[in-house]
Amino acid sequence: MTLKKFFQVYSGVAILAGAALFAVVRVAYNQITFEAPDVTTIRICHWQLESGFREALQDLIDAYEKEYLERHGEKVRVLQLPVSERGYGQFVNTGLVGGIAPDIIERGFSRVVNDPSYLTRYFLPFGPYIESPNPYNVGTPLEGIPWRQTFSDGLISAYDRELLDYYMIPFSMFTERIYYNKDLYREATGRDDSPTSFLDFINVCNTIRDYAARQQRSLVPLAGSKYQAGVFQRKYTNTFLTDIIRLSDANLDGKCSLFESYQAYRNGVWSFESPALLASWQCTTDIAANFQQGWMAALRDDAVFMFVQGRALMFASGSWDASSLLAQVGDAFEVGVFNFPAPSDHPEYGKFARAMPSEAATGGGIPWGLNRATKHADLCIDFLRFCTTRDHNAQFTSHINWLPIVQGVTLSETLKPFKPRIEGIAGHFDYEISSELRLRAEGGRWQLFSGRMTPLDYAASLAEIYDRTAMEGFRTELEKNRRNMRNMDRIVAGRLLALAAPEASDIAAVERSVMQLLYANQAKTHDLAMDTHFLQTVTQ
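Per numbering that gives the first Met the number 0, the very first residue in the sequence shown carries number 0; after that it's consecutive.
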């Protein structure tokens, strides 16, 4: 048999045998490393596949394992499980339901990790841990400060208003900005300064289109996809609705809930043909007109690729893309960053949009939750505390060019453009009260932004569904709130029992926790009573 014939016959068998041998060695290695009798293993899963994230997290893991061994003389292993966004929800759902989910889980891409009714069933609250100081802050300026207060947002983003407790620990924070090709910008516009107003931004887009036509280049002002359209929509919609939010916000919490928006709708405060709402939709449509043709069929990565290749001047995304984007661009061109300009100078939009939304309340990102079924809750808490000291958070975020979440960490020059904007308006308007309305709003949104539907047509389609389904949606959401209130009653009862237990150690902490729950519960009870009264009034 010739050598060529031998390879043709046995190469497949050799590859199969090699793969099987590799799998056996890998399983044996994991068994020895992570499941040895003298090693305690915790698992942490996430969907962050951006450049540098896994390496940055692994650096923290390696440092923690080393320090834990030095402090306690015991071996601990933290196993990192990265999963793609596409399959992350299914991975977490099946793991939690089957009781085999990792100990620490990044929340997202799943109703089970976001819906309060599931959250309290599958995740442990961090409330009992965050009011005590982080032991890893000893000898630092944060020594003796409650763990919660060492975060720049005071963990307000981790607080669940329905469950009245903290259900995640963040590692970073994020803002959204517009990236642009400085070299191309300078070449096409003859200027160095980025757009400073909305009209200036639109004029730059027009200039780029003219430049591309003269140069006969395949070039567009903005790299677009449904993802990018969503970014602009989030940034600009509530900007136009300040007055509607102010008039609809019955409990004065700065937000307009589904209940408040429906009551305001019934009282004539707003309609789907309100000029402010129509203008907000038209604004995003005007911006989307600067995307490439066929942007609705493009994926987020397609838009990134266009920008990196120099076929788009600008690209809107979050600070989480900074590291990957800079790595992909390399030395091809200089990347600049600027904030979304306010449309206050626009002759029509300026009537409604006076300022951009404030980012002062920007919460934490990379939200780690603690699996209620974990056998190593204290060890998981210890690991999260280790990672959220000032030095370790600085190490982690600087590795991947993300914004830090721990107080006192200095921003690098790369990150300074992403610093949260303190000035601006606050508020949120939510009117998608039924499933049918949400589906129609989502589906029609792309027709609207692509110019296939006018704002008035979009408004008419939403109004018809809203009038038909809002009452039933109101009842459904009200029943959800009632169930959550009953869950809160159980939690309060449990805390009261803990307070009465003879072995209770930190009575003051339990008392404080109970009072916080009762105070928050009182406000929710008031809102629930008002919403119930409104429902009874309109159905009589």
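Note that the Cβ used here is the ideal one computed from N, Cα and C, for glycine as well.
Paired residues, beta bridge with V38 - DSSP: As a position in the sequence shown, residue 38 is number 39, starting the count at 1. Answer is K74, bridged to V38.
Near the ligand ZN: I380 beta-carbon under 7 Å from a heavy atom: Among the components of this structure there are no ligands whatsoever, and the ligand ZN is therefore not found.
Collapsed DSSP secondary structure at H45 in the structure displayed: Here residue 45 corresponds to residue number 46 of the sequence shown, with the count starting at 1. Of the three classes helix, strand and coil, the one that applies to H45 here is strand, per DSSP.
Three-state class that DSSP yields for P342 in the structure shown: One-based indexing of the sequence shown puts residue 342 at position 343. Here P342 sits in helix by DSSP.
When A469, I207, S151 are compared against R389, the one with the closest alpha-carbon: By 1-based counting over the sequence shown, the position of residue 389 is 390. Per the C-alpha coordinates, the member of A469, I207, S151 positioned closest to R389 is S151.
Under 8 Å between C-beta atoms of W416 and R176: Residue 416 sits at position 417 when you count from the first residue of the sequence shown. Residue 176 sits at position 177 when you count from the first residue of the sequence shown. One detail in the question is off: residue 416 reads as Pro in this sequence, not Trp. Result yes, Cβ atoms of P416 and R176 sit closer than 8 Å.
Beta-bridge partners of D159, as assigned by DSSP: Position 160 of the sequence shown, counted from the first residue, corresponds to residue 159. Answer is D164.
Contact between the region 136 to 153 and the region 105 to 119 (3+ Cβ pairs under 8 Å): Under the 8 Å Cβ criterion, the region 136 to 153 does not count as touching the region 105 to 119, having fewer than three qualifying pairs.
contact_flag[the region 338 to 348, the region 272 to 283] where n(CB pairs < 8 Å) is 3 or more: These segments touch.
Cut-off 6 Å between Cβ atoms - residues of its own chain near F351, not counting five sequence neighbours on either side: Your numbering for residue 351 matches position 352 in the sequence shown. Once the five neighbours on either side are set aside, the close Cβ partners of F351 are F239, A275, A278.
For R176, the first and last residue of its enclosing beta strand (DSSP E): Along the sequence shown, read from residue 1 onward, the residue named residue 176 stands at position 177. R176 -> beta strand (DSSP E) spans 175 to 180.
Extent of the continuous alpha helix (DSSP H) to which N370 belongs: Here residue 370 refers to the residue found at position 371 when the sequence shown is read from its first residue. According to the DSSP assignment, N370 belongs to no alpha helix (DSSP H) but to the beta strand (DSSP E) extending over 367 to 370.
Burial state of E358 (16 or more Cβ within 10 Å): As a first step, residue 358 must be located in the sequence shown, where it is residue number 359. When all chains shown are included, E358 counts as buried.
Bridge-paired residues (DSSP) for Q79: Walking along the sequence shown from the start, residue 79 turns up at place 80. Per DSSP, the beta-bridge partners of Q79 are I43.
Contact under 8 Å by Cβ, L48 with P81: Translated into positions along the sequence shown, residue 48 becomes position 49. Translated into positions along the sequence shown, residue 81 becomes position 82. Closer than 8 Å, so yes.
For L312, the three-state DSSP class (helix, strand or coil): The residue you call residue 312 lines up with position 313 of the sequence shown. In the structure shown, L312 falls within a strand segment according to DSSP collapsed to helix, strand and coil.
The region 294 to 302 in contact with the region 211 to 227 per 3-pair CB rule at 8 Å: Touching, per the Cβ criterion.
Inter-stretch contact at 8 Å, needing at least 3 Cβ pairs: the region 318 to 332 / the region 240 to 260: No, the region 318 to 332 is not in contact with the region 240 to 260.
Nonlocal neighbours in the same chain, by C-beta distance under 7 Å from M167, ignoring five residues either side: Position 168 of the sequence shown, counted from the start, is the residue given in the question as residue 167. R106, A157, P366, W367, G368, listed in sequence order.
C-alpha gap between H398 and R384, whole angstroms: Position 399 of the sequence shown, counted from the first residue, corresponds to residue 398. Position 385 of the sequence shown, counted from the first residue, corresponds to residue 384. Each residue's alpha carbon lies about 19 Å from the other.
Proximity to K181 [Cα-Cα], best of R53, Q446, V307: Sequence index remark: in the sequence shown, residue 181 carries index 182 (1-based). Comparing Cα-Cα distances from K181 to each of R53, Q446, V307, the minimum goes to V307.
Among P340, F125, R451, G51, the one whose alpha carbon lies nearest that of L162: Reading the sequence shown from its first residue, position 163 is the one you call residue 162. Nearest of P340, F125, R451, G51 to L162, Cα basis: F125.
Test: N370 CB closer than 8 Å to a CB of chain D: Among the chains of the structure shown, chain D does not appear; only one protein chain is present.
Cβ neighbour criterion (16 or more within 10 Å) applied to K234: Translated into the one-based positions of the sequence shown, residue 234 becomes position 235. Burial state of K234 is buried, judged by a 10 Å Cβ sphere holding 16 or more other Cβ atoms.
Distance between beta carbons of H375 and T39, contact taken as under 8 Å: Here residue 39 is taken as the residue at index 40 of the sequence shown, counted from 1. Here residue 375 is taken as the residue at index 376 of the sequence shown, counted from 1. Separation of the CB atoms of T39 and H375 is rounded to 6 Å, and the pair is thereby assigned contact status at 8 Å.
Nearest residue (CA-CA) to L455, options P132, E272, Q327: Sequence index remark: in the sequence shown, residue 455 carries index 456 (1-based). Sorting P132, E272, Q327 by C-alpha distance to the C-alpha of L455 places E272 at the top.
Under the three-state DSSP convention, the category E347 falls into: Here residue 347 corresponds to residue number 348 of the sequence shown, with the count starting at 1. Correct three-state label for E347: coil.
Anticipated Cβ contact below 8 Å, P403 with S171, distance rounded: Here residue 403 refers to the residue found at position 404 of the sequence shown. Here residue 171 refers to the residue found at position 172 of the sequence shown. Yes, they are in contact, since the Cβ atoms of P403 and S171 sit about 7 Å apart, within 8 Å.
Nonlocal neighbours in the same chain, by C-beta distance under 6 Å from A326, ignoring five residues either side: Here residue 326 corresponds to residue number 327 of the sequence shown, with the count starting at 1. For A326, where only same-chain residues beyond five positions count, the Cβ hits under 6 Å are S50.
Best match in S260, D37, V75, D252 for proximity to E431 [C-alpha to C-alpha]: Here the question's residue 431 lines up with position 432 in the sequence shown. Of S260, D37, V75, D252, the smallest CA-CA separation from E431 is found for S260.
Anticipated Cβ contact below 8 Å, G442 with M452, distance rounded: Against the sequence shown, residue 442 aligns to sequence position 443. Against the sequence shown, residue 452 aligns to sequence position 453. Not quite, the Cβ-Cβ distance comes to about 10 Å (not below 8 Å), so this is no contact.
Exposure label - A459; buried when at least 16 CB within 10 Å: Stepping through the sequence shown from its first residue, residue 459 is reached at position 460. Within 10 angstroms of the beta-carbon of A459 lie fewer than 16 other beta-carbons, which makes it exposed.
Cα-Cα separation between V268 and N486, rounded to whole angstroms: As a first step, residue 268 is located in the sequence shown; it is residue number 269 there, counting from the start. As a first step, residue 486 is located in the sequence shown; it is residue number 487 there, counting from the start. Distance between the alpha carbons of V268 and N486: 34 Å.
Endpoints, alpha helix (DSSP H) assigned at F239: Taking the first residue of the sequence shown as 1, we reach residue 239 at position 240. Under the DSSP assignment, F239 falls in the alpha helix (DSSP H) whose first and last residues are 225 to 239.
Opening and closing residue of the beta strand (DSSP E) in which L221 lies: As a position in the sequence shown, residue 221 is number 222, starting the count at 1. Segment 219 to 221, the beta strand (DSSP E) holding L221.
Classification of L312 by the beta-carbon crowding that lies within 10 angstroms, buried from 16 upward: Stepping through the sequence shown from its first residue, residue 312 is reached at position 313. Buried, because 16 or more other Cβ atoms sit within 10 Å of the Cβ of L312.
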